[in-house]
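A short write-up of the structure that comes next.
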Amino acid sequence: MRVEPSNEPPLPSLAPFHSSLNLSKHPSDVLHRIKTVIDRNRALAKDLGISGTPGFIARTELVPGALDVNWLKELIARARNGK
70 MRVEPSNEPP LPSLAPFHSS LNLSKHPSDV LHRIKTVIDR NRALAKDLGI
120 SGTPGFIART ELVPGALDVN WLKELIARAR NGK
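For the sequence shown, the numbering used here gives the first residue as 70, with consecutive numbering after it.
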């Protein structure tokens, strides 16, 4: 299944949580942004037929479910090679 990349700006790093999100200045704005991203991710997962974790997306390839380490390495190698 082909997955299109997001054009949304990334959230700030969550480590360390308190300083990176700067909750003391605009907690409702940051929390609203986080909720929006989570809601969008849930909607995308539903559209893609993903109902749980784990799942992997490498470039445009979607693999729902667990992979052993060898399959995960193969998925990463194909993504790096553009296949």
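Where a beta carbon is used, it is the ideal one built from N, C-alpha and C, also for glycine.
Every value quoted in this text rests on a predicted model; they were computed, and no experiment measured them.
Limits of the beta strand (DSSP E) - the one that Ala127 falls within: The count along the sequence shown starts at 1 and reaches residue 127 at position 58. Counting along the chain, the beta strand (DSSP E) containing Ala127 begins and ends at 124-127.
Is the beta carbon of Ala127 less than 8 angstroms from the beta carbon of Ala112? Locating residue 127 in the sequence shown gives position 58, counting from the first residue. Locating residue 112 in the sequence shown gives position 43, counting from the first residue. Contact: no.
Under 8 angstroms Cβ to Cβ from Gly151, same chain only, skipping five residues before and after it: list those, please. Within the sequence shown, residue 151 is the residue found at index 82, counting from 1. Taken in chain order, the residues that qualify are Arg128.
May I ask you to report which of helix, strand or coil DSSP gives Leu131? Translated into the one-based positions of the sequence shown, residue 131 becomes position 62. Strand.
Keeping to the same chain, check which residues put their C-beta closer than 8 angstroms to that of Leu144; ignore five residues upstream and five downstream. As a first step, residue 144 must be located in the sequence shown, where it is residue number 75. The answer, listed in chain order, is Phe125, Ala127, Glu130, Val132, Leu136.
On the three-state DSSP scale, how would you describe Ile119? Taking the sequence shown and counting its residues from 1, the one referred to as residue 119 is at position 50. When secondary structure is reduced to three states using DSSP, Ile119 falls in the coil class, being assigned neither helix nor strand.
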